[in-house]
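K.L.:
Just so we're aligned, residue 0 is where the sequence shown starts under numbering that gives the first Met the number 0, counting upward by one. Just so you know, even glycine gets a beta-carbon here, dropped at the ideal spot from N, CA and C. Here the structure is a predicted model, which is why all the values come from computation and not from measurement. Starting off with a structure, shown below.
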Amino acid sequence: MQSSFTDLEYAAKKKLTRRDRFLAEIDAVTPWAALVAELEPFYPKGKGRGRPPIGLERMLRMYVAQQCFGLSDEGIEDAVYDSQSIRRFVGIDLGREGAPDATTLLKFRRLLEARELTRGIFEVINRQLAEKGLLMREGTIVDATLIAAPPSTKNGEKARDPDMHQTKKGNQWYFGMKAHIGVDADSGFVHTVLATAANVADVTQAHALLHGQETVAFGDAGYQGVEKREENQTPDVDWQVAMKRGQRKALPNNEYGRALEVFEKAKASLRAKVEHPFHVIKNLFKHRKTRYRGLPKNAAQLFTLFGLANLMLARRHLLACDAQGAS
0 MQSSFTDLEY
10 AAKKKLTRRD
20 RFLAEIDAVT
30 PWAALVAELE
40 PFYPKGKGRG
50 RPPIGLERML
60 RMYVAQQCFG
70 LSDEGIEDAV
80 YDSQSIRRFV
90 GIDLGREGAP
100 DATTLLKFRR
110 LLEARELTRG
120 IFEVINRQLA
130 EKGLLMREGT
140 IVDATLIAAP
150 PSTKNGEKAR
160 DPDMHQTKKG
170 NQWYFGMKAH
180 IGVDADSGFV
190 HTVLATAANV
200 ADVTQAHALL
210 HGQETVAFGD
220 AGYQGVEKRE
230 ENQTPDVDWQ
240 VAMKRGQRKA
250 LPNNEYGRAL
260 EVFEKAKASL
270 RAKVEHPFHV
280 IKNLFKHRKT
290 RYRGLPKNAA
300 QLFTLFGLAN
310 LMLARRHLLA
320 CDAQGAS
């Protein structure tokens, strides 16, 4: 296909922006062919006299760009027109065609939600990581993070989202939901995702965050007593849970107490891996607040976000593997 003037102008740029590099890395490490194969059986075939559907990979790329930049359906449509790097990532030449509109993307997103295909996206990505030897099975770190929801009642229902709830953390109240994750203790990649209302205690979800092949599981002080719960009565998993702050402060200043303090620091260092995917979705992808109304829609989005977060965390290794394979 002949390159347009804008394509040639873009290719001649002397400086790559951070957005250019970011999209280039996402493009390189995303298993597009496997994802298209996962979604293709559910995507409209365009039979009949109606307008043929936009290509599946193009819609998937637009959806991925939307998630990576934390944009609304209208926001990513505008971004495609405003940003040459996003147009190039999605695969659109405005000299020949228009960009998919917000309504088209909304329908695509609803298809993913209705068919639970975002879980499939997450699982395809993790299968790729496993094939590269990046997902081990011996240990899991569990944790949860709060994601705020709009508390306003200025909407059609004149009510807050009934699926979201209020909870207190420290001396501050939060309204929203929780994202619970199980993370591979060796690599730091997310293997399990759950969503609940914010008032659900972390410890009640711990068993559901294990994949079943662990020999050890780690959690912060919010998981105290997890091994005593009925659903966790399994001799195969050794739970290593952090002491509460008051307990650590009360440790005796003797050899035994100092040894326990060293052990607690070692556990804390290992548990720090669970913060990396949270950092990616909240700070890199700008997902600090729920975008949709209702827990199911927001839970579906989390699978995509954490799948993409795994790719971002693994990108250096994946790019190195691709470079070795090409040489």
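#1: Where does the unbroken beta strand (DSSP E) through Arg-146 begin, and where does it stop?
#2: How big is the Cα-Cα spacing for Val-192 and Ala-207?
#3: Is the beta carbon of Thr-303 closer than 9 Å to that of Val-63?
#4: Determine the DSSP secondary structure at Gly-54, reduced to helix, strand or coil.
#5: Restricting to Cα atoms, I'd like to know which of Asp-321, Leu-318, Val-279 is closest to Gly-306.
#6: How many Å lie between Gly-90 and Thr-16 at the Cα?
#7: If you scan the region 224 to 298 from start to end, which runs of the beta strand (DSSP E) of 3 or more residues do you find wholly inside it?
#8: Once the 5 residues before and after Ala-220 are set aside, which same chain residues still bring their CB inside 6 Å of it?
#9: How far does the alpha helix (DSSP H) with Ile-25 in it extend, from its first residue to its last?
#10: Taking the alpha carbon of Ser-186 as the point to measure from, which residue in Gly-119, Leu-310, Gly-69, Gln-65 has its own alpha carbon closest?
#11: Where do the ends of the beta strand (DSSP E) carrying Val-202 lie?
#12: At what residues does the beta strand (DSSP E) containing Ala-178 begin and finish?
#13: Between Glu-226, Ala-129, Asp-183, which has its C-alpha nearest Thr-203's C-alpha?
#14: Please classify Val-79 as buried or exposed, where buried requires at least 16 other C-beta atoms within 10 Å of its C-beta.
#15: Out of Gly-54, Glu-37, Ala-113, state which residue places its alpha-carbon closest to the alpha-carbon of Lys-44.
#16: Tell me the start and end of each unbroken beta strand (DSSP E) in the region 71 to 150 that is at least 3 residues and wholly inside, in chain order.
#17: Are the beta-carbon atoms belonging to Lys-177 and Ile-140 less than 9 Å from one another?
#18: Are three or more beta carbon pairs between the region 264 to 282 and the region 97 to 117 nearer than 8 Å?
#19: Is the number of C-beta pairs between the region 147 to 156 and the region 286 to 305 that are closer than 8 Å three or more?
#20: Have a look at Asp-19, Gln-239, Val-123 and flag the residue whose alpha-carbon is nearest the alpha-carbon of Trp-31.
#21: Using the Cβ count rule (16 or more neighbours within 10 Å means buried), how would you classify Val-261?
#22: Considering Cα atoms alone, identify which of Lys-106, Ala-129, Arg-109, Ser-71 is closest to Ala-313.
#23: Within a Cβ cutoff of 6 Å, which residues of the same chain sit near Asn-198, ignoring the five residues on either side of it in sequence?
#24: Out of His-316, Arg-315, Leu-93, Arg-118, which has the shortest C-alpha to C-alpha gap to Ala-298?
#25: Does any C-beta atom of chain D lie closer than 9 Å to the C-beta of Asn-125?
#26: Going by DSSP, which residues form a beta bridge with Gly-218?
#27: Could you name the residues of the same chain whose beta carbon sits closer than 7 Å to that of His-275, not counting the 5 residues immediately before and after it, in chain order?
#28: Look at the alpha carbon of Cys-320 and the alpha carbon of Glu-263, and state the distance between them as a whole number of angstroms.
#29: Buried or exposed: Gln-232, going by 16 or more other Cβ atoms within 10 Å of its Cβ?
#30: For Trp-172, count neighbouring Cβ atoms within 10 angstroms of its own Cβ and tell me buried if that reaches 16, exposed if not.
P.N.:
According to the structure shown:
#1: Numbered from 1 along the sequence shown, position 147 holds the residue referred to as residue 146. Per the sequence shown, residue 146 should be read as Ile rather than Arg. Membership of Ile-146 in the beta strand (DSSP E) is indicated by the continuous run 138 to 147.
#2: Residue 192 sits at position 193 when you count from the first residue of the sequence shown. Residue 207 sits at position 208 when you count from the first residue of the sequence shown. Per the coordinates, the alpha-carbon of Val-192 lies some 9 Å from the alpha-carbon of Ala-207.
#3: Indexing the sequence shown from 1 puts residue 63 at position 64. Indexing the sequence shown from 1 puts residue 303 at position 304. Yes. Within cutoff.
#4: Along the sequence shown, one-based indexing puts residue 54 at 55. Gly-54: coil per DSSP, three-state reduction.
#5: As a position in the sequence shown, residue 306 is number 307, starting the count at 1. Val-279 is the residue among Asp-321, Leu-318, Val-279 whose C-alpha sits nearest the C-alpha of Gly-306.
#6: Stepping through the sequence shown from its first residue, residue 90 is reached at position 91. Stepping through the sequence shown from its first residue, residue 16 is reached at position 17. For Gly-90 and Thr-16, the distance between alpha carbons rounds to 18 Å.
#7: If we require 3 residues or more, the beta strand (DSSP E) runs fully inside the region 224 to 298 come out as 237 to 240.
#8: In the sequence shown, counting from the first residue as 1, residue 220 sits at position 221. Result list for Ala-220: Ala-241, Lys-243, in chain order.
#9: Numbered from its first residue, the sequence shown carries residue 25 at position 26. 17 to 28 is the span of the alpha helix (DSSP H), which, as asked, contains Ile-25.
#10: On the sequence shown, position 187 is the one that residue 186 refers to. Considering only Gly-119, Leu-310, Gly-69, Gln-65, the residue with the shortest C-alpha distance to Ser-186 is Leu-310.
#11: In the sequence shown, the residue the question calls residue 202 occupies position 203. From DSSP, Val-202 is part of no beta strand (DSSP E); its letter is neither H nor E.
#12: Translated into the one-based positions of the sequence shown, residue 178 becomes position 179. In the DSSP assignment, Ala-178 falls within the unbroken beta strand (DSSP E) covering 171 to 183.
#13: Position 204 of the sequence shown, counted from the first residue, corresponds to residue 203. Just measuring C-alpha positions, the residue of Glu-226, Ala-129, Asp-183 sitting nearest Thr-203 is Glu-226.
#14: Translated into the one-based positions of the sequence shown, residue 79 becomes position 80. The residue in question, Val-79, is buried, as its Cβ has 16 or more Cβ neighbours within 10 Å.
#15: Start at 1 with the first residue of the sequence shown, and residue 44 comes out as number 45. It is Gly-54 whose Cα lies nearest to the Cα of Lys-44.
#16: Correct list: 138 to 147.
#17: Working through the sequence shown from its first residue, we reach residue 177 at position 178. Working through the sequence shown from its first residue, we reach residue 140 at position 141. In this structure, Lys-177 sits away from Ile-140, with a CB-CB distance that is not shorter than 9 Å.
#18: Judged by Cβ distances under 8 Å, the region 264 to 282 makes no contact with the region 97 to 117, as fewer than three pairs qualify.
#19: A contact exists between the region 147 to 156 and the region 286 to 305.
#20: In the sequence shown, the residue the question calls residue 31 occupies position 32. The candidate whose alpha carbon is nearest that of Trp-31 is Val-123.
#21: Position 262 of the sequence shown holds residue 261. Exposed, by the Cβ-count rule.
#22: As a first step, residue 313 must be located in the sequence shown, where it is residue number 314. Minimum Cα distance to Ala-313 is reached at Ala-129.
#23: Here the question's residue 198 lines up with position 199 in the sequence shown. Excluding residues within five positions, the ones whose Cβ falls inside 6 Å are His-164, Thr-166.
#24: Working through the sequence shown from its first residue, we reach residue 298 at position 299. Distance check between Ala-298 and each of His-316, Arg-315, Leu-93, Arg-118 places Arg-118 closest, using alpha-carbon atoms only.
#25: This model lacks chain D altogether, as it is built from one protein chain only.
#26: Position 219 of the sequence shown, counted from the start, is the residue given in the question as residue 218. Partner(s): Val-240.
#27: As a working mapping, residue 275 is identified with position 276 in the sequence shown. Its chain contains Gly-187, Leu-312 as the residues whose beta carbon lies nearer than 7 Å to that of His-275, once the 5 sequence neighbours on both sides are disregarded; these appear in chain order.
#28: For the purposes of this step, residue 320 is identified with residue 321 of the sequence shown, where counting begins at 1. For the purposes of this step, residue 263 is identified with residue 264 of the sequence shown, where counting begins at 1. CA-to-CA, the gap between Cys-320 and Glu-263 works out to about 36 Å.
#29: For this step, residue 232 is matched to residue 233 along the sequence shown. Exposed is the label assigned to Gln-232, since fewer than 16 other Cβ atoms lie within 10 Å of its Cβ.
#30: For this step, residue 172 is matched to residue 173 along the sequence shown. Looking at its Cβ environment, which holds fewer than 16 other Cβ atoms inside 10 Å, Trp-172 is exposed.
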